[in-house]
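For the sequence shown, the positions run 7 to 73 when our numbering is used. Beta carbons are placed, not taken as given, at the ideal position from N, Cα and C, and that holds for glycine.
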Amino acid sequence: MIGPDGTFVVEPVRGEAIIHATIDLDERDRRSSDLDVTGHYGRSDVFRLEVDDRPRDIVHRRSGSAD
Numbered sequence: 007m008i009g010p011d012g013t014f015v016v017e018p019v020r021g022e023a024i025i026h027a028t029i030d031l032d033e034r035d036r037r038s039s040d041l042d043v044t045g046h047y048g049r050s051d052v053f054r055l056e057v058d059d060r061p062r063d064i065v066h067r068r069s070g071s072a073d
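As structure tokens, then:
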């Protein structure tokens, strides 16, 4: 199990096992607001944000059988 900071909370286990760990949910909340500006989000060859702001219909109807 890997924690929100990228470190192991419990070392990897091969095969079947019961894993016990204490986790800090506040730490998870703090880490979820981190932004990886120097990692893959900052690489234009890996990550691209594209916004399609064309108007769209909210409801889409389909007819026929679902195979």
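Q: Between the Cα of I25 and those of M7, D11, G12 and E33, spot the shortest distance and give me the residue it belongs to.
A: M7
Q: Examine the Cβ distances between the region 9-18 and the region 28-38 and report whether three or more of them are shorter than 8 Å.
A: yes
Q) Since R34 is in the alpha helix (DSSP H), which residue starts that stretch and which ends it? A) L31 to R37
Q | Three-way DSSP call (helix, strand, coil) for F14 in this model | A | strand
Q) Rounded to a whole number of angstroms, what is the C-alpha to C-alpha distance between V52 and D58? A) 19 Å
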